[in-house]
Amino acid sequence: MFPANDDASRGRTDILMQIAHQANSVRRAFEDVRKRNTVSTATAAVAQEMASMNKKRKSEETPTLPSKASTRHFHSRIAHMTRGDIKGPSISVPTSRPYGFSSGITLNSQAYQIQVTNNDVVCGVGKSINELVGNRRFRVWIDLHSKAFAKSPRIEDRVKIARSVVHTIQSCVPQGRFLSMDPHSGTWYDVGYERAVRITMEVLSHEMMTYPTVSPVKPSGASSKRKTYVSMAA
Numbered sequence: 001m002f003p004a005n006d007d008a009s010r011g012r013t014d015i016l017m018q019i020a021h022q023a024n025s026v027r028r029a030f031e032d033v034r035k036r037n038t039v040s041t042a043t044a045a046v047a048q049e050m051a052s053m054n055k056k057r058k059s060e061e062t063p064t065l066p067s068k069a070s071t072r073h074f075h076s077r078i079a080h081m082t083r084g085d086i087k088g089p090s091i092s093v094p095t096s097r098p099y100g101f102s103s104g105i106t107l108n109s110q111a112y113q114i115q116v117t118n119n120d121v122v123c124g125v126g127k128s129i130n131e132l133v134g135n136r137r138f139r140v141w142i143d144l145h146s147k148a149f150a151k152s153p154r155i156e157d158r159v160k161i162a163r164s165v166v167h168t169i170q171s172c173v174p175q176g177r178f179l180s181m182d183p184h185s186g187t188w189y190d191v192g193y194e195r196a197v198r199i200t201m202e203v204l205s206h207e208m209m210t211y212p213t214v215s216p217v218k219p220s221g222a223s224s225k226r227k228t229y230v231s232m233a234a
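Under UniProt numbering, the first residue of the sequence shown carries the number 1, and numbering increases by one thereafter.
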C-alpha cells in the first residue's frame with residue numbers, strides 16, 4: 001500500500017513543478033513585454049521637447065491671417081483697407097526709377113522751381129544726357145524727319161519741319177520743354193520756343209549728312225523784271 005502512495009505523491013509533485021515552471025515562464029514573458037512598452041523619463045522629456053519645437057516651427061511658417069474681430073463690420077478686405085479709422089499693416093508699393101534717367105546728372109533745382117520730367121529735352125552732350133527719356137524720344141522724332149529735312153529745297157520748309165518737332169514735344173502731357181542748366185546756380189531753365197527751333201534745326205542739319213541733300217533755295221526779295229523787246233520794223 002505504501003509504494004502506491006509514494007508514486008502518487010511523486011506524480012503530484014511533478015505536476016506542481018510543471019505548473020510552477022509554466023507560471024514562471026508566463027510571468028517572465030509578461031515582464032519582458034511590459035519592459036519593451038515602458039518609456040524612460042528621459043526619453044519622454046526629449047520627445048516632448050521635440051514635439052514642442054516642431055509645433056513652434058509650424059506656427060512660424062504659417063502666414064498670419066487677419067483676425068475676424070477687426071473685419072466683422074466690413075464685407076471685404078478692400079473695404080477694411082480703405083477705412084481710415086482701422087489701423088492695419090501699411091502696404092508699400094515699390095517704385096521703379098524712370099528708364100534712362102542717369103545718375104550722372106545732378107538735379108539741383110529747388111522744389112518750387114523746374115523739375116525735369118520724361119517729356120523734357122535736356123540740352124547738352126554726353127552719354128548721360130543722351131540716355132534721358134525725353135532726349136531719347138527727341139531722337140526718335142529727329143530720325144523720322146531727318147530724311148524729309150534733307151530733301152526739302154527751301155529753307156522755309158526746313159524751318160517748318162523743325163517747328164513741327166518742337167510743337168510735338170510741347171504738346172505732350174505734361175508739356176515737354178527744352179531745358180538747359182545754369183552753370184552758376186545749378187538750376188534748370190526753359191530756353192524758349194525760338195531757341196528750341198534753332199537747336200532742332202542744328203540737330204536735323206547734322207543728321208541730314210547721311211542723306212543726299214538739296215541745296216536750299218532762299219526766297220528772292222525782288223521780283224524778276226520782264227524784258228521788253230522793241231520792233232525794228234519801220
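Each residue gets a CB set at the ideal place from its N, CA and C atoms; glycine is no exception. Treat the numbers as computed from the prediction; the structure is a model and nothing was measured.
Whether residue i touches residue j by CB criterion (9 Å)
i, j, result
"Phe178", "Val166", "yes"
"Ser128", "Met208", "no"
"Gln170", "Tyr193", "yes"
"Val197", "Val140", "no"
"Arg137", "Asn119", "yes"
"Met181", "Val122", "yes"
"Ile155", "Leu204", "no"
"Ile114", "Thr187", "yes"
Endpoints, the beta strand (DSSP E) within which residue i is located
i, result
"Met181", "Phe178 to Met181"
Alpha helix (DSSP H) segment containing residue i, residue limits
i, result
"Asp190", "No alpha helix (DSSP H) contains Asp190, which is instead part of the beta strand (DSSP E) from Trp188 to Asp190."
"Thr168", "Ile155 to Gln170"
"Ile129", "Lys127 to Asn130"
"Ile199", "Tyr193 to Glu207"
"residue 235", "For residue 235 there is no data in the structure shown, the boundaries of the chain being 1 and 234."
"His145", "Val133 to Lys151"
Opposing strand residues paired with residue i [DSSP bridges]
i, result
"Val121", "Phe178"
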